[in-house]
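A.B. asks:
Protein chains: 2
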Amino acid sequence: MTEPGSRPRPGGRSARVRRAVLDATLDLLHTHGMDGLTVADASARAGVHESTIYRRWGTRENLMIDALLEEAEELLPIPDTGSLRDDLIAYLTSLAAYLSTPQGNAFDRALAAAGDDPAASQARRQYWTTRHSLSGEIITRAINRGELPDATDPRFTVEMLVAPLHFKVILSREPLDPDLPTRLVDTLLRGLAAT
Amino acid sequence: MTEPGSRPRPGGRSARVRRAVLDATLDLLHTHGMDGLTVADASARAGVHESTIYRRWGTRENLMIDALLEEAEELLPIPDTGSLRDDLIAYLTSLAAYLSTPQGNAFDRALAAAGDDPAASQARRQYWTTRHSLSGEIITRAINRGELPDATDPRFTVEMLVAPLHFKVILSREPLDPDLPTRLVDTLLRGLAAT
DNA sequence: CTCTAAACGCAAGTTACTTGCATTAGCAGT
DNA sequence: ACTGCTAATGCAAGTAACTTGCGTTTAGAG
Numbered sequence: 000m001t002e003p004g005s006r007p008r009p010g011g012r013s014a015r016v017r018r019a020v021l022d023a024t025l026d027l028l029h030t031h032g033m034d035g036l037t038v039a040d041a042s043a044r045a046g047v048h049e050s051t052i053y054r055r056w057g058t059r060e061n062l063m064i065d066a067l068l069e070e071a072e073e074l075l076p077i078p079d080t081g082s083l084r085d086d087l088i089a090y091l092t093s094l095a096a097y098l099s100t101p102q103g104n105a106f107d108r109a110l111a112a113a114g115d116d117p118a119a120s121q122a123r124r125q126y127w128t129t130r131h132s133l134s135g136e137i138i139t140r141a142i143n144r145g146e147l148p149d150a151t152d153p154r155f156t157v158e159m160l161v162a163p164l165h166f167k168v169i170l171s172r173e174p175l176d177p178d179l180p181t182r183l184v185d186t187l188l189r190g191l192a193a194t
Numbered sequence: 000m001t002e003p004g005s006r007p008r009p010g011g012r013s014a015r016v017r018r019a020v021l022d023a024t025l026d027l028l029h030t031h032g033m034d035g036l037t038v039a040d041a042s043a044r045a046g047v048h049e050s051t052i053y054r055r056w057g058t059r060e061n062l063m064i065d066a067l068l069e070e071a072e073e074l075l076p077i078p079d080t081g082s083l084r085d086d087l088i089a090y091l092t093s094l095a096a097y098l099s100t101p102q103g104n105a106f107d108r109a110l111a112a113a114g115d116d117p118a119a120s121q122a123r124r125q126y127w128t129t130r131h132s133l134s135g136e137i138i139t140r141a142i143n144r145g146e147l148p149d150a151t152d153p154r155f156t157v158e159m160l161v162a163p164l165h166f167k168v169i170l171s172r173e174p175l176d177p178d179l180p181t182r183l184v185d186t187l188l189r190g191l192a193a194t
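Going line by line, the protein sequences match chains Z and B.
Heads up: the first sequence begins at 0 in numbering that gives the first Met the number 0, then just goes up one per residue.
Heads up: the second sequence begins at 0 in numbering that gives the first Met the number 0, then just goes up one per residue.
#1: Can you pull the chain Z residues whose beta carbon is under 9 angstroms from the beta carbon of residue 165 (chain B), in chain order?
#2: Does any CB atom of chain B fall closer than 7 angstroms to the CB of residue 112 (chain Z)?
#3: Taking C-alpha atoms, which residue in Z:18, Z:77, Z:157 lies nearest to residue 52 (chain Z)?
#4: Measuring only between beta-carbons, confirm whether residue 3 (chain B) sits less than 7 angstroms from chain Z.
#5: How do the stretch 51-67 of chain B and the stretch 104-118 of chain B stand: do at least 3 beta-carbon pairs fall below 8 angstroms, yes or no?
#6: Note down, in chain order, each residue of its chain lying with its Cβ closer than 8 angstroms to the Cβ of residue 159 (chain Z), except the 5 sequence neighbours on either side.
#7: Residue 148 (chain Z) by DSSP, collapsed to three states: which one?
#8: Could you check where the alpha helix (DSSP H) with residue 50 (chain Z) kicks off and where it finishes?
#9: Which bits of chain B does residue 127 (chain Z) rub up against, with CB to CB less than 7 angstroms?
#10: Just confirm the distance between the C-beta atoms of residue 91 (chain Z) and residue 148 (chain Z), as a whole number of angstroms; I'd bet it's less than 8 angstroms.
#11: Against chain Z, with Cβ distances strictly below 7 angstroms, would residue 74 (chain B) count as a contact?
#12: Give a yes or no on whether 7 angstroms exceeds the smallest Cβ distance from residue 158 (chain B) to chain Z.
#13: Between residue 112 (chain Z) and residue 111 (chain B), which are expected to be in contact by the criterion C-beta below 8 angstroms, what is the C-beta distance as a whole number of angstroms?
#14: Helix, strand or coil: how does DSSP classify residue 138 (chain Z) here?
#15: Classify residue 124 (chain B): buried if its beta carbon has 16 or more other beta carbons within 10 angstroms, exposed otherwise.
#16: According to the Cβ coordinates, are residue 166 (chain Z) and residue 31 (chain B) closer than 7 angstroms?
#17: Using a Cβ cut-off of 9 angstroms, pull out every chain B residue sitting near residue 192 (chain Z), in sequence order please.
#18: May I have the straight-line CA-CA distance separating residue 99 (chain Z) from residue 21 (chain B), to the nearest angstrom?
#19: Mark residue 108 (chain Z) as exposed unless 16 or more other C-beta atoms lie within 10 angstroms of its C-beta, in which case mark it buried.
#20: Start and end of the alpha helix (DSSP H) containing residue 159 (chain Z)?
#21: Return the Cβ separation of residue 23 (chain B) and residue 39 (chain B) in integer angstroms, given the expectation that the two are a contact with Cβ distance under 8 angstroms.
#22: For residue 173 (chain B), which of helix, strand or coil comes out of DSSP?
#23: For residue 4 (chain B), I'd like the list of residues in its chain whose CB is within less than 6 angstroms of its CB, leaving aside the five on either flank, ordered along the chain.
#24: Hey, how far is the Cα of residue 127 (chain B) from the Cα of residue 191 (chain Z)?
#25: Below 8 angstroms on C-beta distance, what does residue 123 (chain Z) contact in chain B?
#26: If you compare alpha carbons, which of Z:43, Z:129, Z:84 is closest to residue 146 (chain Z)?
#27: At the level of alpha carbons, what is the spacing between residue 56 (chain Z) and residue 131 (chain Z)?
#28: For residue 6 (chain B), which three-state DSSP category applies?
#29: Fully enclosed by the stretch 56-127 of chain Z, which alpha helix (DSSP H) runs are 4 residues long or longer?
#30: By a C-beta neighbour count over all protein chains shown, 10 Å radius and 16 as the cutoff for buried, is residue 81 (chain B) buried or exposed?
#31: Does DSSP put residue 133 (chain Z) in a helix, in a strand, or in coil?
#32: Closer than 7 angstroms, CB to CB, is residue 175 (chain Z) near chain B or not?
#33: Helix, strand or coil for residue 12 (chain Z), going by three-state DSSP, please let me know.
#34: If you reduce the DSSP assignment to three classes, tell me which class residue 37 (chain B) lands in.
Take a look at the structure:
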């Protein structure tokens, strides 16, 4: 055996069940929306018992997060226009568009509503780690082009820009204004005092 | 009668019940934390039936929000030091301190987890309206002192600063670094390009 | 081909939340 | 004060969400 003590079983039935459940969950999310998703429905559609889902994912929120994770990755490509300002505006615009869809909205709110159990914590860590490393490239490239000081913190900078979008989606529940990305980027680049 | 059709009954029993329930809820939040609060416990401690709470508040989250609303107001005073930078840093510091307490943390997460029912929507609107009008004064005063351009949008500006704090509390679940307020304020005031 | 244990199905149980109905108690008008 | 009206509450039964113990299946190692 390769691993002493535990024998994970990634291929075979587990993988089949996982895919079936995630596909069923995505289907239901697309048709009924985030509030219309129940674990019972998802299990029935996946041809799997309800308790299987609860055992693997723990809560409804964790299931939603896992199902929407893959989708989110590919819907948020990292632009590379050669200009820091354009890169940032493009990135924030696609993020705003995603967060305005039912799926993106559901993903953000599920991530916010999920608890601190191990499954949710790991999903959170995984998502933000890959997201930060991807979006951080925009900043790193700008530093290499000489557009930003060497000491610029990629993660801190990106968070200052994306946080207001998430804030409106999750906390104040306001629609995202189309020119919000541009305002955010220009304000941060120029500083407040500039006219 | 003053209002045709409906007769509100603000004084008397309703008010007594409301106070008793909110006090019981706050007590339980302080002792058991946000996850330890159940509607059954709160109702028992308030000497009120469980269904009364569900009828008045609808959900556990709405009850938590309502109970923590008053507390939040007085814990976030608006500083007036005469300097924009100092005002902002002081404000963000007190906000960060509040969000780091179990109560502040619970309040933010309850606000994020609450749904879109009328009760929750109204609580949200009320909270952010008063909060924005209060914190907006920092910006307005700075404009009047000539520290900022006349066209500066108070609400937009404050949101750019507070959003990263809420983001870490709700979405990434990271602790708030003590010098985060200073970094945020200085970055926004000077702009990214500055060294 | 056999053996083992992780993953699953099943069913019963617990907890959270909802709802219809009878009762209580503010408030208005006398 | 006294009386009638009705919103707000208590009570109890019901529904739905979630959990758990146990027997069964099945992927994978030897």
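Idealized CB from N, CA, C, for every residue including glycine.
C.D. replies: On the basis of the coordinates in this document:
#1: 162, 165, 166, 169, 170
#2: yes
#3: Z:18
#4: Low confidence applies to residue 3 (chain B): its pLDDT is 37, below 50, so where it sits in the model is not reliable, and the reading given next is rough at best. Judged by the 7 angstroms Cβ criterion, residue 3 (chain B) is not in contact with chain Z.
#5: yes
#6: 187
#7: coil
#8: 49-56
#9: 171
#10: With 8 angstroms as the limit, residue 91 (chain Z) and residue 148 (chain Z) do not qualify as a contact, their Cβ atoms being about 21 angstroms apart.
#11: no
#12: yes
#13: 7 angstroms
#14: helix
#15: exposed
#16: no
#17: 146, 147, 148, 188, 189, 190
#18: 35 angstroms
#19: buried
#20: 153-166
#21: 11 angstroms between Cβ atoms; not a contact.
#22: coil
#23: Caution is warranted here: a pLDDT of 35 is assigned to residue 4 (chain B), below 50, making its placement in the model unreliable, and no coordinate value can be reported.
#24: 23 angstroms
#25: 170, 171, 172
#26: Z:84
#27: 25 angstroms
#28: Because residue 6 (chain B) sits at a pLDDT of 47, beneath the cut-off of 50, its placement in the model cannot be relied upon, and the following sentence gives the value as read from the coordinates. Here residue 6 (chain B) sits in coil by DSSP.
#29: 59-74, 83-99, 101-112
#30: exposed
#31: helix
#32: no
#33: helix
#34: coil
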